[in-house]
Amino acid sequence: MVLPVAGPLRCSRRRPDRRVTATHRRPDQGQPLLPDPERLPIRDLRGRPARLDRARRRARDLDRLPARRRLVLQAGRADVREGPLTVANQPAGDSTAPAIEVTGLGVRYSLRLTRKNTLRNSLAHLVRRNGGGAGHFWALRDVSFRVVHGESLAVIGPNGAGKSTLLQSLAGIIQPTEGEITIRGRLSSLLTLGAGFDQELSGRENILLAGAFLGIDDGEIQRRLEDIVAFADIGQFIDAAIKTYSSGMRARLGFAIATSVDPDILLLDEVLATGDQVFRAKSKERVLELAKGAKAIVLVTHDMHWVTEFCNRAMLIEHGKVIAEGQPEEIVRLHETRSEEARRSVAALPA
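Here is the structure:
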């Protein structure tokens, strides 16, 4: 079994021996991660469903803890405040500056292998291909690009090229091993739709919870609530627990939430095929509206029709490296040509 593990979610301190430091530029460190940290889902200890409510208990008194424990707690909280989770709350700033600026980005995964490893040769080949040492490989290496406001960038490439890793790095889910990412504006990501839902809460309650994590105050999310419910179009299930939803229903609700916050930057990873034909048409219209509103969009997809019809620029990635950038039609043709050559090379190998 192979478990790829990237860097921790916390933002590590800079090391003096590093030539390039992987960083996210962040707003004022005093800015809270949530507008109302006490308004969180509280699970009843007797087994009743969780609900949104005020915390009944006060936070633990740090003064009563041993000095060593106090230090550990405070250090951990400081790391969270400094980490990439706060990127989404950064103000838009100058609209003439790039919405996304990536320089020398690299993400190295560790390979944790079990003793009974039957993929030894394949993994050894993977490590050699990426130029790494034993126990790790580079999912992304020396990736640099810009996305300006009003631009829709399609990221295409074969499976395992590093496309999803790139989006997760932009969203702050993965801390890059090297390089620099600059995000200018409010960011919303649709990477794994519905992955952050509380299974015991209803769809309506999860909308309120998601609004808090997106930095939307209670009044604003309440005003948008009915529009989100209507767009998701899941009927009476909106008041049922998320654990009763199908994967398609979760994705629809997640899409409705993520595209309701008027983001400056939107990250999409294979989510535009969600739902039936009617919902796909609604999704397309919603994304096009965001693009017209001077928003920057980065889309990962295997649907070349979306690339040529929806995006105004494309980037081809293979083996974690940028192969080419340019007009969508040109990059799609290049991708199809290289994919066909790769298939012929595999077919020519001896059985």
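For the sequence shown, our numbering gives the first residue as 88, with consecutive numbering after it.
C-beta: ideal position from N, C-alpha, C; glycine also.
Proximity below 7 Å, CB of residue i to CB of residue j
i: T395; j: V419; result: yes
i: S347; j: R311; result: yes
i: E267; j: A383; result: no
i: D356; j: S251; result: yes
i: N293; j: F284; result: yes
i: F318; j: A343; result: yes
i: S452; j: T190; result: With the chain running from 88 to 438 in the structure shown, residue 452 is simply not present.
i: V385; j: L354; result: yes
i: L240; j: G222; result: no
i: A295; j: I308; result: The displayed chain sequence assigns Leu, not Ala, to residue 295. Their beta carbons are under 7 Å apart, which means L295 touches I308 by this criterion.
i: M336; j: I321; result: yes
i: G244; j: E405; result: yes
i: E372; j: T269; result: no
i: R291; j: D326; result: yes
Rounded separation between residue i and residue j - CA only
i: V387; j: V242; result: 5 Å
i: F224; j: S275; result: 29 Å
i: A248; j: A435; result: 22 Å
i: R339; j: P437; result: 46 Å
i: D229; j: H392; result: 28 Å
i: D115; j: Y332; result: Only weak support is given to the placement of D115: the predicted model assigns it a pLDDT of 42, under 50, and the value that follows is read from those uncertain coordinates. Taking the straight line from one Cα to the other gives about 38 Å.
i: N399; j: P415; result: 6 Å
i: R226; j: L253; result: According to the sequence as given, residue 226 is Ala; it is not Arg. If you take the alpha carbons of A226 and L253, they lie about 9 Å apart.
i: P185; j: R273; result: 13 Å
i: V235; j: E376; result: 17 Å
i: R233; j: R431; result: 34 Å
i: G446; j: V409; result: Because residue 446 is not part of the residues shown, which for the chain are 88 to 438, the question remains open.
i: I260; j: V194; result: 12 Å
i: D349; j: K369; result: 16 Å
i: D363; j: A258; result: 27 Å
i: F397; j: K379; result: 11 Å
i: R428; j: N246; result: Per the sequence presented here, residue 428 reads as Glu, with Arg not at that position. The alpha-carbon atoms of E428 and N246 are separated by roughly 15 Å.
i: L277; j: G341; result: 7 Å
i: A411; j: L403; result: 5 Å
First and last residue of the uninterrupted beta strand (DSSP E) at residue i
i: S231; result: 223-234
i: A327; result: Taken as a continuous stretch (DSSP letters only), A327 belongs to no beta strand (DSSP E), as it is neither H nor E.
i: S289; result: Unbroken run through S289: none, as it is neither H nor E.
i: L277; result: 274-277
Residue i, buried or exposed, once every other Cβ within 10 Å from all chains shown has been counted against 16
i: T264; result: buried
i: A401; result: buried
i: H389; result: exposed
i: A323; result: At residue 323 the sequence reads Gln, which differs from the Ala that was named. Classification of Q323: exposed, given that the 10 Å Cβ count is below 16.
i: G306; result: exposed
i: V365; result: exposed
i: R367; result: exposed
i: G413; result: exposed
i: S334; result: exposed
i: E286; result: First, the amino acid is wrong: residue 286 is Gln here, not Glu. That one is exposed.
i: A476; result: A question about residue 476 goes unanswered here, because the residues of the chain that appear run from 88 up to 438.
Cross-strand partners of residue i (DSSP beta bridge)
i: Y196; result: F224
i: T190; result: E267
i: G413; result: A401
i: D356; result: V387
i: I254; result: Correcting the residue type first, residue 254 is Leu in the shown sequence and not Ile. Beta-bridge pairing links L254 to no other residue.
i: A241; result: L386, A401
i: K369; result: Answer is none; K369 lacks a bridge partner.
i: K408; result: E405
Host alpha helix (DSSP H) of residue i (start-end)
i: D305; result: 305-319
i: L340; result: 334-345
Residue i: CB within 6 Å of a non-hydrogen atom of the ligand ATP
i: S275; result: This structure lacks the ligand ATP, and indeed carries no ligand of any kind.
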